[in-house]
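Quick note: the sequence shown uses the working numbering, first residue 34, plus one each step.
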Amino acid sequence: MAQPDFKTIANEAKRLDQLQSLVIHQNGEQLFANAFRGPALDTPVNIKSVSKTIVALLTGIAIDRGIIEGPDQRVLPLLGKSAFGDDRDNLTIEHLLTMQTGLDSTSGRNYGAWVSSNNWVDYALNRPLVDRVGGRFIYSTGGWHILGAALTQASGHSLHRLAQDWLGNPLNIVIPPWVADPQGRYMGGNDMAMSPLGLARIGDMVLNGGTIDGEEVVSQNWLETSWERRGLSPFSGDLYGYGWFLTEYAGHKAVYARGYGGQMLVLVPELQLSIVIISDPTLPARGDGHFGDLEQLLERIVGWVEA
């Protein structure tokens with residue numbers, strides 16, 4: 034296999050004004066790493082909704098350890114909440130993982146009101162039902178915050194401690210505390226901070242079947258289950274599993290985590306390729322803008338690595 038054209042990769046990436054850093058690993062080895070602008074590669078940065086994929090990994094670990102019964106466990110009893118007497122009573126861990134809760138979104142134009150409320154979990158649970166539970170994909174950070182609260186309730190530990198103990202410590206990554214709700218529960222699904230190099234190490238672990246340095250972090254069975262088709266994003270048109278979007282780059286199946294502004298962790302299992310992209314978290318990244326540019330860059334990177 035020929036060496037990728039790193040000079041071309043650097044030039045392609047650098048011309049994207051919103052892109053701050055790019056890290057490429059293959060088989061656990063660093064092929065390319067550059068911070069073109071913004072924080073250094075070893076500095077924790079806001080990974081925005083890539084946090085959702087991290088919470089999905091933590092959920093898998095909780096299931097592996099018997100802390101959560103499984104994807105079919107009902108959510109309301111786990112949280113100690115009374116029944117609503119409607120379809121909400123059927124909410125399971127899986128519905129939170131796949132964003133198929135049926136509840137109206139707390140994201141987009143609804144985000145400000147949600148995070149201004151005095152109880153983020155109750156606010157998210159009390160959103161109107163706009164579809165059946167288990168129905169269409171409705172992008173919403175509120176469901177992930179409910180999931181984070183469920184992990185905290187079941188384990189007796191904060192989401193931050195779980196992230197540091199279950200992912201940070203075995204991977205030698207520092208995960209600093211992030212924003213919490215009025216009850217002190219760390220936000221599930223947004224605003225985690227992690228360095229680009231640390232995020233790439235998570236990608237390496239996932240591609241290695243959930244193990245790092247011979248230690249199992251999360252079961253391979255959970256990872257395979259996470260990459261099964263569950264829903265469809267109406268925004269990108271990509272399929273969705275348990276916290277991962279499913280797509281293809283240069284003819285190779287890939288999965289990715291995506292956060293506002295153009296934060297991405299992209300995995301191409303066939304090539305054992307892990308790609309981290311960090312962008313300006315204050316600017317949008319739409320399909321006809323920065324995110325579309327990133328998709329083209331990823332196509333070229335995968336093609337270069339494969340060549």
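Where a beta carbon is used, it is the ideal one built from N, C-alpha and C, also for glycine.
Could you compute how far the alpha carbon of LEU158 sits from the alpha carbon of GLY145?
Between LEU158 and GLY145, the alpha-carbon positions lie close to 16 Å from each other.
So, helix, strand or coil for THR244, using DSSP?
Strand.
Three or more C-beta pairs under 8 Å: does that hold for the region 108 to 120 against the region 244 to 263?
no
Expressed to the nearest angstrom, what Euclidean distance is found between the alpha-carbon atoms of ILE206 and TYR282?
28 Å
So does the region 166 to 183 actually touch the region 63 to 81, counting three or more Cβ pairs closer than 8 Å?
Under the Cβ criterion (8 Å, minimum of three pairs), the region 166 to 183 does not count as touching the region 63 to 81.
Could you check if VAL309 is buried or exposed, using at least 16 other CB atoms within 10 Å of its CB as the buried criterion?
buried
Answer yes if the region 224 to 241 comes into contact with the region 76 to 84, meaning at least three C-beta pairs across the two stretches below 8 Å, and no otherwise.
yes
In whole angstroms, give me the CA-to-CA distance for PRO203 and GLY118.
43 Å
With DSSP run on the structure shown, which of helix, strand or coil describes GLY325?
helix
Around the Cβ of SER149, are there at least 16 other Cβ atoms within 10 angstroms (buried) or fewer (exposed)?
exposed
Look at the alpha carbon of ASP38 and the alpha carbon of VAL239, and state the distance between them as a whole number of angstroms.
26 Å
Pull up the distance between the alpha-carbon of VAL138 and that of GLY167, whole angstroms please.
It should be noted that the sequence gives Ser, not Val, for residue 138. In this structure, the alpha-carbon of SER138 lies about 14 Å from that of GLY167.
Roughly how many angstroms lie between the CA atoms of THR185 and SER84, to the nearest whole one?
A direct Cα-to-Cα measurement between THR185 and SER84 gives close to 16 Å.
Can you list, in chain order, the stretches of the alpha helix (DSSP H) that have 4 or more residues and sit fully within the region 138 to 182?
144 to 148, 153 to 158
Alpha carbon to alpha carbon, how far is ALA251 from ILE94?
A quick correction: the sequence has Val, not Ala, at residue 251. Going by the C-alpha atoms only, they are around 5 Å apart.
Taking the C-alpha atoms as reference points, what is the distance between LEU129 and LEU256?
17 Å
Measure the alpha-carbon distance for ASP155 versus ASP214 and round it to whole angstroms.
The straight-line gap from Cα to Cα measures roughly 11 Å.
If you count every other CB in all the chains shown that lies within 10 Å of the CB of VAL212, and 16 or more means buried, which is it?
exposed
Tell me the rounded alpha-carbon separation between MET34 and GLU339.
Because the pLDDT of MET34 is 48, which lies under 50, any placement of that residue in the model is unreliable, and the number read from its coordinates should be weighed accordingly. Cα to Cα, the separation comes out at about 7 Å.
Going by other Cβ atoms of all chains shown within 10 Å of its Cβ, with 16 needed for buried, is LYS349 buried or exposed?
Limits of the chain in this structure are 34 at one end and 340 at the other, which puts residue 349 out of reach.
Specify, as a first and last residue, the run of the beta strand (DSSP E) that GLU281 falls within.
278 to 282
Please decide whether GLU281 counts as near chain D, where near means a Cβ-Cβ distance under 7 Å.
Note that chain D does not occur in the displayed structure, where there is just one protein chain.
Using the C-alpha atoms, what's the distance from ASP122 back to ALA116?
6 Å
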